[in-house]
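Note sheet for the following structure.
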Amino acid sequence: MDFTNVQYNDDLLGPYSENSTFPEDNSAYAEMYPGDAGEAYQSGGEFPHDTHQADFGNSGEYQESRTVLVDGSDHFGVSAVSTDRKEELVWMGNSGGHVTSYLSTELMKYTSFQVHATEEIRDLRSIDPGILALTPTSLNLRTRQGMPTFTHQSPQLENMQCMVQLGGNFSNRLLLGGHQSSMVEYDLARQEQIRCHQVGEQGCVILRDHPRFVCHGDLTGRIVLHDPRTIRQEHSFQAHTGSLSDFDVFGNYIATCGFSNRMGQLLGDQFVMVFDLRMMKLSLPLRALVPPFLLKFLPGLSSCLAVISPVGQWQMMDAGQPDNSILSMNYQINCVPESVITTFDVAPSSQAIVFGDSLGSLHLFTSGSKPRFNNFSQETIMPDLPEQTQTMPVTDNTASLASLPMYYPTSALLSDWPEQYMKALYRPTPPVDGSILQSMKLVGSIGYAPNLHNKKRNQVPYKFSRTKGQKSNVSENILGKNEEGIAVHVPWRYRKIEIKYGKLGMDDFDYDQYNRTSFSGLDMSLPNSYCNPMIQMFYYIAPLRALMMSHLCEREFCLVCELGFLFHMLDVSMGQGIPCHASNFLRAFRTIPEASAMSLTLSDQDNRAKINFASKIQSWNRFVLQQLHTETLEEKMDHPRVDSMDERMFQMGCQILDSSIEEKEVSKTEEGNTIDRQDKREYSPVANIFGSHVVSINKCARCNHEIHKDTTSLLVNLNFPDVMDGSCSFSSVVELSMSLEQTRQAWCDSCVRYQPIEQWRRYKTLPNILAMNCGLDSAQDIKFWRNQFEILLTEIRDKKREEEKKNAEAKQGNNDKENNKTKERSTPSLSAGSPSTPSKRYPDTSTPQPSPARPCRYGQACTRHDCRFWHPGRDAGEAGQQPMHVLSLLDQTMEYSWVPLGMRAKLNDDGTVSLSDISKTELENATEDETGVVYELVGVVSHIADPRFPDKNNLVSCIKVGPSYHVRAKVSSVSHWYLFNDISIQPIAPEEAVWFPCGWKTPCVLYWQRRQIPSETQEIEPINPVTVDVFGEDKSLAQRGRKRITFTPLTADEMPGEGDLVAMDAEFVNLHQEEAEIRSDGTRTTIKPSQKSVARITCIRGQGPLEGTPFLDDYISTQEQVVDYLTQFSGIKPGDLDANFSQKHLTTLKSTYVKLRYLVDKGVKFVGHGLKNDFRVINMTVPMAQLIDTVHLFHMSHNRMVSLKFLAWHFLKLKIQSVTHDSIEDARTALALYQKYCELKADGDLVMELQILYEAGKKAQWKVPGEEEEE
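Structural data, given as structure tokens:
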């Protein structure tokens, strides 16, 4: 609790009467009572009870005897303190999950161990076997020597706060409470969780034990007394109207302190409330000198308690004498003013009180000359000390070596090796190269062969064994260095994410730890999911998203349709925090023969370390853009009547075509007949977004014959210059790539032979979205890329060097003028290693640089003069230091980058394009004018390669998400950059998008968008192409036999609308089995979930005259190999999904998918059992408000889910799924169960029936009676 917002004030309190009792709601109120004890204490004045003499112990006053800093005090404060009831030990737990014990009142460290990696220690309790440590989600038992005994975790342990061990005959029972609606009971003898007790929504934040009761307090200031046998509630007190801070129980008294709501503010009560358990009513409240925050009774002193304030003041009070309650004046804990007392405990002997504060200090107050924690303590086990042997210094020349005893071994010495291991072995000669042997000519006994020039002269390369080579690689990978020796550290947000699912698979995985935004990520467990960054890139290009979502055709495997369906899923999933699956899109992608021919499809058996993902994602970008262009082009050819959006974009392309034709005719008349023109342009909505009108010119170098081809270019491939020297802007490289000129051998129709052909390109229009493949697939390109970064950083380093040098000289001159006598203490010279010396921060790279050392974890705060690690700001000539490569500066700052965030492009009259970089400051106010158009960087796909883990290379994307997406996510109408790494989405700064540390992050694809896109393209909204026509004539794919129709199609007046019920069920088959591992402790972890494919989908009418009649029962054809038909659970048999043998109503997945999509868009409510899993495999996202799942309707919290089979038997008296599953039967049963649920809820019998359900299930072991006999 933040104590800065809590006020301790008693001005609002009124007089208290001895005849005052509880009101009807049992709420106590804090009022000032009359008498001397009620007088306010004035600072600096006399208090009426200063002269009060109270014998609260034979040991005299308390005094602070020890203060220690606990382990981890530099990062964590003390969260729990407990004195051991058996031994002379004090136990401490901090907010970092660490526990430390201290021996005796001297507070000597005894044991120290880590209980949890991230969670704090909420409570500590000493028992006979050891120490119990409670964290928010686990209970741990350690021996007093630190050895683990057990760790208990369960779903019921959500946010635990306190624990108590019952006394008497119930000493084996432990109660755990926290910020949750149930209190957990744990058996220490059997080491298992027994049961849970409901305590209400306000939880149980404090637990105390009493011989007659178990007491717990909640957040509302209420104290509840339970029967220790049954934990049934007996009595309750409303101690404070605001909240409860602490309470304790001893003998016949309960003392509390807390807060009250007064005038809309939470104020701390100045009184300690005392309740008498004999009369079950409030006794007189005690006025405290200090604001009470924590309190405890002293075990050895009757009705005496210690009251603590958060700022370190505490006093002794007597709960049995309200008129003379103050036993001692204030004690002050010697703590830092900024610290807050967070916990304290009183020793069983009452001779010691220990406090813990928020800054990691432990304070011990003791009373008497020889204080002890316990009156009769057990002996503490001490570690065995090693035997001390007499040593002899090696440098002692006077020592007698004869004093050393002679050792006579009885067995062979280690250095006495067997004779077979002492033989001299020579390295075998490597075999001669096979190409040499093939070309060798023998002259006598001597062979002659031409030199292949693949080996150095007079040197024979010896290859080390594979084992040694692996060891060498491991040692180099641990250092994390690239080929140039630059230290590489890949941040966690860029690394490949590997998920190990729990027992419930994806349902119990916390995706919020990777994505706290409103946008949805993409699952990476599917094959070919390396293209996830590019899919996200396509989605956040607004015109492309609108185009894909407005498209629908009849082709079974259409990438445009599947992208539209996937984009619709990403729209619906906003704010749900669950990633989407691109399984249907990847399935369609695998069926394209060209994709397999280009090796763009991967399998699970492919080794990631051998795959060049940087080259593959660029090929994927080029292929998919062309494929989308082709499919939308075919749509125009095959279907003249297209939707309005495609028609508008197609007409815009035709306008460009007409103007191009006029220019072509004029050029032909001026140039004569020596130029052949060919117009091979194809127009599509995709080309209108990405395409640019390009004229490719081929000119014969001999006859000057030219061929002009008008084409549509969808992307630009970067070509880097061969010259390495000198700086070069990024825009100049793009300009060179767009107007590339080259000469190659090709066929000339005029010369009728192969001739040198000069090729170049000229642009007539610029694209709205400039897609760019970066290349960087050769060592020369990568060297050029790094050289440009090195030149840029060197210029910046030299500039800052000069600035720091001038500042240092100015500072030195001022110091000399002030005092000439302080030269020895003035700023050191350059050779002395001054921190302000430019050469220390920016090393000189004119000379060859050795490999830099690893950075020191302490940075500039390191005080070791002989530290061998690298420190920023230190000279390379210092001890152990090595000069830093200038490219290593990229790991320290994102401020500088060779790639700009914007470019200005101008289309010249001759068809060339002039480009220039735009800085970040200029980009904010840049506009399109006669100087050219402005391109903003909107997306970057990068390859992440960690030298330490070559098999975990990864692809990520940095995308600038536009305002329209933030508006749909209901956050704000701004643009912001995000890092997309499969399921992980992190907001980043714009500079991080163009931050390319050499060694692990390499750009692959860049997308640039014009700032002023034509409104016809930018403002188009997607049009839903799924209409009621999808329920038209549906032909079966089955070609053999008579098809049995098991459903009645919907008529026009039966079409479901918003809020109508539709019962649904689906059956699946396995394409890939689940991959899991079983650990040594027996726990099972899912490495990769099974990949399922939908095989049957059934929908049943939920109302109307034909209620319960199916209107959709489709078997889904699949072309992929099925490894398990799951016949026992799905009812699908081999041959049912094959069009050549099936006698079912067999359809494609797409035809059934659009029908479900229509129902979802109409707002239909689906009723079923396990619908979340059904729609996940179907690859469709449905709003939660449209799902009615009987799994959750008949479920009690903290209990198991009940199967549909058992629910049908219990509520409907039906036996289903006797042999196999049938989706029609399951859907009807789910609909009947929902109707039963509505009936029970209307009658108010739902809770009672659920209790009866779980009792019957436990009794029958969740099996339908009689099913085993039937089997």
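For the sequence shown, my numbering gives the first residue as 135, with consecutive numbering after it.
Quick reminder that beta carbons are idealized off the backbone N, C-alpha and C, glycines included.
Counted within 10 angstroms of its Cβ, other Cβ atoms place residue i as buried (16 or more) or exposed
i       : result
Phe431  : buried
Cys714  : buried
Cys438  : buried
Leu762  : buried
His1326 : exposed
Arg363  : exposed
Ala83   : The shown model of the chain, from 135 to 1405, leaves out residue 83, and the question about it has no answer.
Gly1378 : exposed
Lys945  : exposed
Met516  : exposed
Ile751  : buried
Asp1043 : exposed
Range of the contiguous beta strand (DSSP E) that encloses residue i
i       : result
Gln893  : Arg887 to Tyr897
Met1198 : Leu1195 to His1206
His842  : Glu840 to Ser847
Gln1143 : Lys1135 to Arg1144
Gly402  : Gln399 to Gly402
Glu1373 : Note, Glu1373: premise wrong, no beta strand (DSSP E); alpha helix (DSSP H) at Ser1357 to Asp1377.
Rounded C-alpha distance that separates residue i from residue j
i       : j       : result
Arg396  : His374  : 11 Å
Val886  : Leu849  : 33 Å
Lys1278 : Pro1159 : 29 Å
Asp772  : Glu765  : Bear in mind that the predicted position of Asp772 carries a pLDDT of just 43, short of 50, making it too unreliable to give a figure here.
Asp457  : Leu420  : 8 Å
Val1108 : Val339  : 42 Å
Lys1375 : Lys1347 : 19 Å
Arg1227 : Glu1192 : Inspection of the sequence shows that residue 1227 is occupied by Ser rather than by Arg. So the two alpha carbons sit approximately 29 Å from each other.
Ile1250 : Val1203 : 11 Å
Lys528  : Met556  : As written in the sequence, residue 528 is Val, which differs from the Lys given in the question. Distance between the alpha carbons of Val528 and Met556: 33 Å.
Gly301  : Arg276  : 21 Å
Leu519  : Gln279  : 15 Å
Asp738  : Phe1245 : 39 Å
Asp1194 : Ala1366 : 15 Å
Asn838  : Thr845  : 22 Å
Ala1273 : Thr1252 : 9 Å
Distance CB(residue i)-CB(residue j) smaller than 8 Å
i       : j       : result
Thr477  : Ser213  : yes
Val1139 : Asn853  : no
Ile467  : Glu198  : yes
Gln522  : Arg506  : no
Ile1119 : Phe653  : yes
Gly1036 : Leu1057 : yes
Pro411  : Asp380  : It should be noted that the sequence gives Leu, not Pro, for residue 411. Contact flag unset, no.
Run of the alpha helix (DSSP H) containing residue i, from where it starts to where it stops
i       : result
Arg724  : Ser717 to Arg724
Arg650  : Here Arg650 belongs to no alpha helix (DSSP H), and DSSP marks it neither H nor E.
Phe672  : Asn666 to Tyr673
Val1325 : Thr1324 to Leu1327
Gln1340 : Correcting the residue type first, residue 1340 is Phe in the shown sequence and not Gln. Element bounds for Phe1340: Leu1338 to Phe1345.
Tyr1388 : Leu1380 to Lys1393
Contact with chain C by residue i, beta-carbon distance below 8 Å
i       : result
Leu1346 : Chain labels in this structure do not include chain C; a single protein chain is all it has.
### Task
Evaluate contact between the segment 1308 to 1321 and the segment 1346 to 1358, counting only Cβ atoms and requiring at least three cross-stretch pairs below 8 Å.
no
### Query
Counting pairs of beta carbons, one from the segment 622 to 630 and one from the segment 1071 to 1088, are three or more of them closer than 8 Å?
yes
### Query
Three or more beta-carbon pairs under 8 Å between the segment 1063 to 1071 and the segment 1130 to 1148, yes or no?
For the pair of segments examined, the segment 1063 to 1071 was found to touch the segment 1130 to 1148: the number of CB pairs separated by less than 8 Å reaches three.
### Query
Can we say the segment 402 to 411 touches the segment 369 to 386, given the rule of at least three CB pairs closer than 8 Å?
Contact holds: three or more Cβ-Cβ distances are below 8 Å.
### Message
Can you confirm whether the segment 237 to 252 touches the segment 290 to 309 when touching is taken to mean that 3 or more C-beta pairs between the two stretches lie within less than 8 Å?
### Response
no
### Query
Should the segment 252 to 269 be regarded as contacting the segment 279 to 296, the criterion being three or more beta carbon pairs within less than 8 Å?
When Cβ pairs closer than 8 Å are counted between the two stretches, the segment 252 to 269 is seen to touch the segment 279 to 296, the count reaching three or more.
### Query
Within the chosen definition, does the segment 484 to 500 reach the segment 205 to 223 through at least 3 CB pairs nearer than 8 Å?
yes
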